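Everything below concerns the one structure shown next.
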Amino acid sequence: MLWKGFTGLLAAVLVWGLVGMEWNWIASSTLAEVIASQTGEEPFVLSGTMRLLDIQGGCWVLETAEGKRFQLDGTPEQLHTLRRDGARVTIYAVKAPDRYGTCMIGTWVKVIQIMGTG
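According to the numbering used here, the sequence shown holds residues 35 to 152 in order.
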């Protein structure tokens with residue numbers, strides 16, 4: 035009973051700011067609202083297949099079922115986990131309009147969380 039009360043209180047009262055180096059208390063916010071307030075971008079779920087393209091010495095992209103391509107920015111650990119040619123992945127991400135690279139073959143997004151790989 036104590037655990038149920040604790041989790042309810044934790045879920046209802048505060049969300050700890052997760053993006054960036056600052057720790058912020060945000061009252062009554064969802065994770066999406068916290069991310070949007072700190073990045074200026076709305077987060078979204080993105081699913082597709084990881085592809086290593088033979089361009090500029092090798093470019094990694096996430097390709098959706100619709101054929102849209104996304105270049106990923108994230109922590110070294112996140113990118114290492116995702117970079118498997120042919121892997122099906124689902125990520126939580128935000129647009130990264132200030133990011134660019136040599137490949138220039140897709141929209142840049144910043145990985146917030148890896149939701150699944152396979």
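Just so it is clear, CB atoms sit at the ideal spot from N, CA and C, and this is done for glycine as well. Predicted, not measured: the structure shown is a model, and the values here were computed from it.
What separation, rounded to the nearest whole angstrom, lies between the Cα atoms of residue i and residue j?
i           : j           : result
residue 142 : residue 101 : 15 Å
residue 87  : residue 130 : 21 Å
residue 76  : residue 135 : 22 Å
residue 48  : residue 90  : Reliability of the predicted coordinates at residue 48 is poor, the pLDDT of 33 falling under 50, and the value obtained from them is presented with this limitation in mind. Roughly 46 Å between the two C-alpha positions.
residue 96  : residue 139 : 11 Å
residue 114 : residue 94  : 11 Å
Between residue i and residue j, which are expected to be in contact by the criterion C-beta below 8 Å, what is the C-beta distance as a whole number of angstroms?
i           : j           : result
residue 189 : residue 83  : Since the displayed the chain opens at 35 and closes at 152, residue 189 lies outside it and no answer follows.
residue 106 : residue 145 : 6 Å
Quick one: what does DSSP say residue i is sitting in, helix, strand or coil?
i           : result
residue 154 : Since the first and last residues shown for the chain are 35 and 152, residue 154 lies out of range.
residue 90  : coil
Considering only C-alpha positions, which residue in the set the options is nearest to residue i?
i           : options              : result
residue 104 : 111, 90 and 125      : 125
residue 137 : 152, 147, 144 and 92 : 92
residue 151 : 119, 110, 74 and 109 : 119
residue 74  : 127, 99, 149 and 148 : 127
residue 99  : 148, 147, 149 and 85 : 85
Is residue i close to chain D, meaning its C-beta is less than 7 Å from at least one C-beta of that chain?
i          : result
residue 95 : In summary, chain D is missing from the structure at hand, where a single protein chain is found.
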